[in-house]
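Heads up, the thing below is written out as structure tokens.
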Amino acid sequence: DIKNTEQQRNALQNLITTLGKVDIFIANAGVSCIQKPLQDNGVYIRKAIDVNFTAAADGIEFVRTLMVKQNFGSLVGITSIAQAKGMPLNGTYCATKAALHVFLQGLRIDLAKTPINVIEVAPGFIATDMTKKNKFFMPFLMKANVAAEAICKGIIAQNKKIVVPTVFKFLFLLLKLMPNTIYEWVA
Numbered sequence: 044d045i046k047n048t049e050q051q052r053n054a055l056q057n058l059i060t061t062l063g064k065v066d067i068f069i070a071n072a073g074v075s076c077i078q079k080p081l082q083d084n085g086v087y088i089r090k091a092i093d094v095n096f097t098a099a100a101d102g103i104e105f106v107r108t109l110m111v112k113q114n115f116g117s118l119v120g121i122t123s124i125a126q127a128k129g130m131p132l133n134g135t136y137c138a139t140k141a142a143l144h145v146f147l148q149g150l151r152i153d154l155a156k157t158p159i160n161v162i163e164v165a166p167g168f169i170a171t172d173m174t175k176k177n178k179f180f181m182p183f184l185m186k187a188n189v190a191a192e193a194i195c196k197g198i199i200a201q202n203k204k205i206v207v208p209t210v211f212k213f214l215f216l217l218l219k220l221m222p223n224t225i226y227e228w229v230a
């Protein structure tokens, strides 16, 4: 259970003991949390925070200590383009991915003078089991294998931020720059 810190750390320690070193660690934890505006969503909010942010950040922190000792490695966190703004019925998901983005940004600054790379992957809509459940339009939906190839190339190139599909780089910037009053009116 990824929400259980002790279990996650034990699993990671067993993996590290078996492998001996870690070149790349990818923290890809995510659950969707479609909120119902007229209901109490507390249970779903807690689960999204525990999985999308806490488990991912804790896994990165655990492996970071090993990478500092071994003096190399790449820490990769999967955020989302949803981190740019709070989206209708999905504010919690957006908030958890924004929190992970800020965490990775701070970690990148902290480790800037080391050989450890901190990479953020911000995917848009990727055809996965999680997105199959979505009842809304998903622009530029990308096949998982195509996204994986682009992400792997970005990690190997040690890009600091990887956005897939690439069209979302422009849309992401547009969302970040858009004044909140206009965004909230459009959304």
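Using the numbering used here, read the sequence shown as starting at 44 and increasing by one per residue. From the three backbone atoms N, C-alpha and C, an ideal C-beta is built for every residue, glycine too. Since the structure is predicted, the reported quantities are computational estimates derived from the model, not experimental observations.
Residue i: first and last residue of the uninterrupted beta strand (DSSP E) it sits in
i, result
"Phe68", "Ile67 to Ala70"
Whether residue i touches residue j by CB criterion (8 Å)
i, j, result
"Ile92", "Ile162", "no"
"Ala70", "Gly116", "no"
"Pro166", "Ser123", "yes"
"Leu143", "Ala100", "yes"
"Phe168", "Pro182", "yes"
"Leu55", "Gly102", "yes"
Buried/exposed call for residue i, threshold 16 Cβ in 10 Å
i, result
"Cys76", "buried"
"Gln126", "buried"
"Val164", "buried"
"Met173", "exposed"
"Thr224", "exposed"
"Asn53", "exposed"
"Val210", "exposed"
Residue i versus the options, residue with shortest Cα-Cα distance
i, options, result
"Lys156", "Val111, Val86 and Leu216", "Val111"
"Asp83", "Leu109, Thr135, Leu150 and Lys128", "Thr135"
"Asn47", "Gly85, Gly149, Asp172 and Lys90", "Lys90"
"Ala170", "Ala191, Asp153 and Arg151", "Ala191"
"Lys176", "Val74, Lys219 and Asp44", "Val74"
"Leu147", "Lys203, Gly129, Thr108 and Met185", "Lys203"
"Val94", "Arg107, Val65, Pro131 and Thr139", "Thr139"
"Phe180", "Pro131, Thr108 and Tyr87", "Pro131"
"Leu217", "Pro208, Leu154, Lys128 and Trp228", "Lys128"
Limits of the alpha helix (DSSP H) - the one that residue i falls within
i, result
"Ala100", "Ala99 to Gln113"
"Gly205", "In the sequence under discussion, the amino acid at residue 205 is Ile, which differs from the Gly named in the question. Taken as a continuous stretch (DSSP letters only), Ile205 belongs to no alpha helix (DSSP H), being part of the beta strand (DSSP E) at Lys204 to Val207."
"Gly149", "Gly134 to Asp153"
Open item on the list: Suppose only complete runs of 4+ residues qualify. What are the alpha helix (DSSP H) ranges in the region 156-191, listed by chain order?
Closed with: 172-175
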